[in-house]
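J.: Shown below is the structure under consideration.
Number of protein chains: 2
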Amino acid sequence: MTFDFSTVVPKHLPAPAGARWSGFPKYNFVGGHNDPDSLPLDKLVEACSNVLQREGKTLATYALESGPQGYLPLREFLVEKLKKYSGIDSSPDDILLNSGSLQAIDLINEALLSSDSTKPQTVIIEKSNYGGVISRLQRLKVNIETVDVDEHGMDTGHLETVLARLSDAGTTPAYIYTIPTVHNPTGVIMTQPRREHLLLLATQYNVPVFEDECYADLIWDGQRPPSLYALDSTRRVIHVGSFSKTIAPALRVGYTVADWSLLSQLLSLKTDAGSGALEQMLLAEYCAQHFDEHLATLNRNLKVKLDTLCAAIDREFGTSAEYQSPPGGIFLWVRLPDPVNTAALARAAEAKGVAINPGPEWSLQSDASQYIRLCFANPPLETIEKGVRALAEICHREFGVPVFSANTQR
Amino acid sequence: MTFDFSTVVPKHLPAPAGARWSGFPKYNFVGGHNDPDSLPLDKLVEACSNVLQREGKTLATYALESGPQGYLPLREFLVEKLKKYSGIDSSPDDILLNSGSLQAIDLINEALLSSDSTKPQTVIIEKSNYGGVISRLQRLKVNIETVDVDEHGMDTGHLETVLARLSDAGTTPAYIYTIPTVHNPTGVIMTQPRREHLLLLATQYNVPVFEDECYADLIWDGQRPPSLYALDSTRRVIHVGSFSKTIAPALRVGYTVADWSLLSQLLSLKTDAGSGALEQMLLAEYCAQHFDEHLATLNRNLKVKLDTLCAAIDREFGTSAEYQSPPGGIFLWVRLPDPVNTAALARAAEAKGVAINPGPEWSLQSDASQYIRLCFANPPLETIEKGVRALAEICHREFGVPVFSANTQR
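As they're listed, the protein sequences go chains A and B. Start counting the first sequence at 17; every next residue gets the next number (my numbering). Start counting the second sequence at 17; every next residue gets the next number (my numbering).
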């Protein structure tokens with residue numbers, strides 16, 4: 017008789033994968049895939065050969081010859097980049113390289129949320145937020161307090177109300193999590209006064225701040241306020257970033273910038289014998305020479321894709337779809353009217369090869385199921401146009417939205 | 017005032033890292049570092065360029081175009097390698113690629129040990145064992161039952177006694193963990209009759225078997241019995257391996273071979289958005305062409321290093337040091353006599369630039385502090401000789417062992 021592992025796995029774990037992977041959908045608007053045509057392949061090949069020829073022998077040692085914080089030349093590049101793009105003063109000693117920013121999130125959660133008290137920890141997040149963070153906090157059974165987001169970023173007036181209420185109840189949140197620069201999913205950039213207000217409140221209530229800036233380099237005009245980490249003088253901000261959005265998501269390299277009182281704890285929890293060394297070496301070698309020029313090209317190409325997506329939505333959905341064209345990033349956050357239910361729409365669309373993220377995966381606001389998140393970075397322009405057309409047809413068939421007039425050419 | 021994260025981190029977590037990394041020791045006999053001179057650098061550079069030129073655009077998508085189980089060509093290579101070296105019949109669908117075998121261990125533990133019952137889970141392991149497994153099980157507060165190891169591998173007679181005792185107490189272990197082929201730290205290879213006995217017992221008591229074969233390809237004469245996975249007809253064996261020991265430890269790529277009832281659960285727990293893609297691509301491209309020839313060279317070089325280490329120990333420690341020269345691997349497990357305490361020896365040696373693993377990190381047997389584990393793969397031959405000489409001098413100074421006779425030339 018064969019052994020069935022499902023009989024011994026505890027029931028509180030996430031459900032097992034239902035089916036084997038069967039390839040990407042025809043029209044792929046989900047996840048955070050990037051633009052393959054912007055990938056600087058020749059220069060990546062050259063950088064990879066150079067660094068391997070020069071230093072490849074160090075691959076015979078765990079963690080190269082840079083120790084557990086990660087490949088030193090990549091941390092040195094990050095010091096320059098963080099100063100230039102985010103206004104951050106740092107040294108390589110302040111940086112921990114991670115296997116993607118998701119590992120950073122997991123380590124920080126392990127350090128700050130694994131209380132052995134019976135009272136659950138509380139975390140404050142923006143009401144619409146990164147699905148990977150929402151699902152992690154839910155799985156950790158954390159008490160999630162949400163704060164509104166508007167076109168200026170997190171509503172810090174609302175944050176103040178939430179912090180005061182929690183304080184009255186004797187609760188100090190474990191941290192305030194925010195994506196201040198090119199927020200996921202809305203794409204908004206938090207203004208500098210809001211950032212300063214947030215830091216003032218965090219100091220007043222003595223709460224750490226977790227700043228996730230994975231998208232912060234993807235801004236069409238390059239204009240942004242300094243990061244929270246740069247504006248803070250109290251060393252309470254944990255700054256996390258990634259190369260997934262600027263270079264390539266399949267290279268799993270992210271980073272954490274924080275005070276040694278936290279980094280030293282993350283290091284003792286990072287029991288993976290190091291993050292992938294070759295990917296760190298390639299990124300250091302390539303980025304030190306080409307990061308700025310690549311970013312300019314990538315942002316130009318992404319903006320063309322965003323404009324193509326917006327035009328397609330206007331054409332296919334008319335006034336049924338509402339959105340704010342974002343100042344950067346790879347997502348569009350679109351509101352569809354009643355009676356559309358976007359979770360049902362996503363299922364119907366999937367069956368037709370159109371993949372979209374329904375709002376409830378990315379938002380805890382009460383009308384989340386009116387929203388969809390569309391990633392425009394991966395599909396070619398023509399696929400974006402055809403995909404939006406297909407989505408509009410499915411949405412019309414399922415919900416009567418958009419309404420096609422008699423003279424619409426379908 | 018600056019924020020001190022140590023005031024909010026729960027006390028039950030591992031202690032934070034004490035100091036920043038300050039470089040490798042002069043005589044480095046710890047960990048699982050490998051031989052840099054055996055690293056096939058030119059062919060790795062060539063393989064990396066070829067695969068990047070051909071398929072690099074897929075780095076723009078998470079998990080390449082192979083889905084969450086990992087880069088398909090590497091799983092295809094593993095099907096061939098597992099057949100040839102371990103006697104395993106498998107398909108790419110049976111394989112999950114991991115960020116090192118440590119991630120595999122963590123995922124398997126999450127699936128099988130995170131009971132929400134108040135009764136702790138029980139795991140059976142060999143009494144001397146991989147330090148990373150001992151420390152993980154201790155941190156998970158699992159009940160660890162140990163089984164003796166002799167020159168034929170795990171003592172399955174003893175295993176039977178342990179299983180019967182647990183069964184009488186109403187306990188079914190979560191799994192039996194074993195390193196059957198080139199055991200860590202002893203280097204022994206479990207005989208085929210023992211393997212068959214182990215599987216018989218596992219079936220009788222309905223216990224899963226976790227087979228960790230990270231060292232199994234490093235055998236001087238290539239002679240070994242089939243893996244437990246190959247000998248089992250009940251699909252209860254989880255087989256884990258790695259490229260750390262055969263190619264390079266800094267490339268973080270391991271793998272799990274198991275029934276879909278387990279793999280599907282590991283997939284839902286693997287929320288890292290994929291393991292490093294470039295490292296998987298490089299390994300697939302290189303190994304498909306060069307794995308066998310590289311392994312032959314590596315094993316030849318490792319054997320020379322082992323012989324050098326054994327000769328140095330004989331010369332410097334004389335009859336004070338006892339060991340069995342292993343049939344493969346990268347470690348020597350050495351017994352030193354009373355009054356040596358190897359934890360104290362390791363501290364004294366560290367101060368003099370000689371790094372060794374003291375027995376208690378790698379063993380739960382009562383005389384563990386008589387043992388040291390020496391990794392011979394990384395240091396050059398001359399460094400091995402000098403390091404052993406320095407270690408003998410420190411050991412003599414601290415414990416009077418070895419006894420130097422009046423006419424010994426020091």
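Think of the CB as a built atom: it goes at the ideal place given N, C-alpha and C, for glycine as much as any other residue.
Could you pull the start and end residues of the beta strand (DSSP E) that G257 of chain A belongs to?
T.: Looking at the DSSP string, the run of the beta strand (DSSP E) that includes G257 of chain A is V253 to S258.
J.: Looking at chain A, which residues of the segment 355-378 of chain B have a Cβ within less than 8 angstroms of any of its Cβ atoms?
T.: Against chain A - using a Cβ distance shorter than 8 angstroms - the segment 355-378 of chain B contributes no residues.
J.: Strictly under 8 angstroms for the Cβ-Cβ distance: is N50 of chain A near chain B by that measure?
T.: Closer than 8 angstroms: yes.
J.: Show which residues of chain B have a CB atom less than 9 angstroms away from the CB atom of A79 of chain A.
T.: Within 9 angstroms Cβ-Cβ: W37, P265 and A266.
J.: Using alpha carbons as the reference points, say which of A:G148, A:R155 and A:I124 lies closest to P136 of chain A.
T.: Ranking A:G148, A:R155 and A:I124 by Cα distance to P136 of chain A puts A:R155 first.
J.: Check the Cβ-Cβ distances between K42 of chain A and every residue of chain B, and say whether any is below 8 angstroms.
T.: Not one chain B Cβ lies under 8 angstroms of K42 of chain A.
J.: Is there contact between the segment 314-334 of chain A and the segment 343-355 of chain A, where contact requires at least three CB pairs shorter than 8 angstroms?
T.: Contact holds: three or more Cβ-Cβ distances are below 8 angstroms.
J.: Once you ignore the five residues that flank E309 of chain A on each side, which residues in its own chain have a CB closer than 8 angstroms to its CB?
T.: There are no such residues.
J.: Strictly below 9 angstroms CB to CB, what residues from chain B border D109 of chain A?
T.: In chain order: R36.
J.: Measuring only the C-alpha atoms, how far is K42 of chain A from K27 of chain B?
T.: About 50 angstroms.
J.: Mind checking which residues open and close the alpha helix (DSSP H) that includes W349 of chain B?
T.: First-last for W349 of chain B: F347 to R351, but that is the beta strand (DSSP E), not the alpha helix (DSSP H).
J.: With a threshold of 8 angstroms between beta-carbons, can D233 of chain B be considered close to chain A, or not?
T.: Not closer than 8 angstroms to any Cβ of chain A, the Cβ of D233 of chain B fails to qualify, so no.
J.: Could you have a look at R268 of chain A and say whether DSSP puts it in helix, strand or coil?
T.: If DSSP states are grouped into helix, strand and coil, R268 of chain A belongs with coil.
J.: Does D105 of chain A get closer than 8 angstroms to chain B when you measure Cβ to Cβ?
T.: Chain B contact via Cβ: absent.
J.: Rounding to the nearest angstrom, what Cα-Cα distance links T187 of chain B and L179 of chain B in this structure?
T.: Each residue's Cα considered, the two are about 9 angstroms apart.
J.: According to DSSP, is C391 of chain A part of a helix, a strand, or is it coil?
T.: The answer is strand: DSSP assigns C391 of chain A an E or B state.
J.: Would you decide whether G290 of chain A is buried or exposed? Buried here means 16 or more other CB atoms lie within 10 Å of its CB.
T.: Label assigned to G290 of chain A: buried.
J.: Give me, in chain order, the residues of the same chain whose beta-carbon lies closer than 6 angstroms to that of E366 of chain B; leave out the 5 immediate sequence neighbours on both sides.
T.: Taken in chain order, the list of residues that qualify is empty.
J.: Do we get a CB-CB distance below 8 angstroms when we pair T138 of chain A with the residues of chain B?
T.: Not an interface residue.
J.: Closest to S54 of chain A by CA distance: which of A:V404, A:G416, A:P396 and A:F415 is it?
T.: Of A:V404, A:G416, A:P396 and A:F415, the residue nearest in Cα terms is A:P396.
J.: Mind checking if C303 of chain A is an interface residue toward chain C, Cβ cutoff 8 angstroms exclusive?
T.: Included in the structure are the protein chains A and B, with no chain C among them.
J.: Take the Cβ of T197 of chain A as the centre, count every other Cβ of all protein chains shown within 10 Å, and call the residue buried at 16 or more, exposed below.
T.: With 16 or more Cβ atoms within 10 Å of its Cβ, T197 of chain A is classed as buried.
J.: How close, in whole Å, do the beta carbons of N50 of chain A and A371 of chain A come, if the pair is a contact with beta carbons under 8 angstroms?
T.: Actually they do not touch by this definition, with Cβ atoms about 16 angstroms apart.
J.: By Cβ distance, which residues of its chain are closer than 6 angstroms to V256 of chain B, with the 5 residues on each side in sequence left out?
T.: So the qualifying residues of the chain are S117, A120, D228 and T272.
J.: Name the one or two DSSP bridge partners that A371 of chain B has.
T.: B:N44.
J.: Could you name the residues of the same chain whose beta carbon sits closer than 6 angstroms to that of N373 of chain A, not counting the 5 residues immediately before and after it, in chain order?
T.: V46 and R389.
J.: Between D110 of chain B and the rest of its own chain, which residues show a CB-CB distance below 6 angstroms, the 5 nearest in sequence each way excluded?
T.: Same-chain partners within the cutoff: V273.
J.: Does C64 of chain B come within less than 8 angstroms of chain A when only Cβ atoms are used?
T.: Yes, its Cβ sits closer than 8 angstroms to a Cβ of chain A.
J.: By how many angstroms is the C-alpha of Q340 of chain B removed from the C-alpha of E377 of chain B?
T.: Roughly 20 angstroms between the two C-alpha positions.
J.: Grouping DSSP H, G and I as helix and E and B as strand, with all else coil, what is Y245 of chain A?
T.: Helix at Y245 of chain A.
J.: Does the beta carbon of A289 of chain B sit closer than 8 angstroms to a beta carbon anywhere in chain A?
T.: Yes, contact with chain A.
J.: For a quick check, are the C-beta atoms of N143 of chain A and L380 of chain A less than 8 angstroms apart?
T.: At residue 143 of chain A the sequence reads Lys, which differs from the Asn that was named. Result yes, Cβ atoms of K143 of chain A and L380 of chain A sit closer than 8 angstroms.
J.: Determine the contact status of I192 of chain B and V149 of chain B, defining contact as a CB-CB distance below 8 angstroms.
T.: Taking 8 angstroms as the Cβ cut-off, I192 of chain B and V149 of chain B do not qualify as a contacting pair.
J.: Strictly under 8 angstroms for the Cβ-Cβ distance: is T18 of chain A near chain B by that measure?
T.: Interface residue, yes.
J.: Helix or strand or just coil, what does DSSP make of V149 of chain A?
T.: DSSP places V149 of chain A in helix when its eight states are reduced to three.
J.: Does the beta carbon of G436 of chain A come closer than 8 angstroms to any beta carbon on chain B?
T.: With chain A covering 17 to 426 only, the question about residue 436 of chain A has no answer from this structure.
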